[in-house]
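Asks: Input: one structure, supplied below.
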Amino acid sequence: MPLADGFAFLNAQVRAGKVGPALTVLRAGRVAGAIGPMESMPDAAGMVRLLSQFFGVLSQHRGRG
Numbered sequence: 015m016p017l018a019d020g021f022a023f024l025n026a027q028v029r030a031g032k033v034g035p036a037l038t039v040l041r042a043g044r045v046a047g048a049i050g051p052m053e054s055m056p057d058a059a060g061m062v063r064l065l066s067q068f069f070g071v072l073s074q075h076r077g078r079g
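Numbering follows my numbering, in which position 50 of the sequence shown is assigned residue number 64; successive positions increment by one, without gaps.
What follows is the structure, encoded as structure tokens:
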């Protein structure tokens, strides 16, 4: 899946209330990077765990800090 499609998918999931929130960075009105969902939930043993996160940065913004 192209990175931009991944951003769109994560955004759709957050807006639908299925996961969330997501931390995003905007450059010139576009999402340049995102990580999410920033959410925890109980596992099978009842321990609260952070859900697996997705992370991406558009190639033109990589290596800048």
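Ideal placement from N, C-alpha and C gives every residue a C-beta, glycine not left out.
Go ahead and pull the three-state DSSP assignment for R44.
Replies: In the sequence shown, residue 44 corresponds to position 30, counting from 1. It is a strand residue.
Asks: Over the uninterrupted beta strand (DSSP E) stretch that includes M55, give me the two end residues.
Replies: Taking the sequence shown and counting its residues from 1, the one referred to as residue 55 is at position 41. Taken as a continuous stretch (DSSP letters only), the beta strand (DSSP E) holding M55 covers 54–56.
Asks: What are the start and end residues of the beta strand (DSSP E) that includes L65?
Replies: As a position in the sequence shown, residue 65 is number 51, starting the count at 1. Segment: none, L65 is in no beta strand (DSSP E) and carries neither H nor E.
Asks: Can you check which of these residues, A59, M61, A22, is closest to A36 by C-alpha distance?
Replies: Taking the first residue of the sequence shown as position 1, residue 36 is located at position 22. When each option's Cα is compared against that of A36, the closest is A22.
Asks: Across which residues does DSSP place L37 in a beta bridge pair?
Replies: Walking along the sequence shown from the start, residue 37 turns up at place 23. Answer is I49, bridged to L37.
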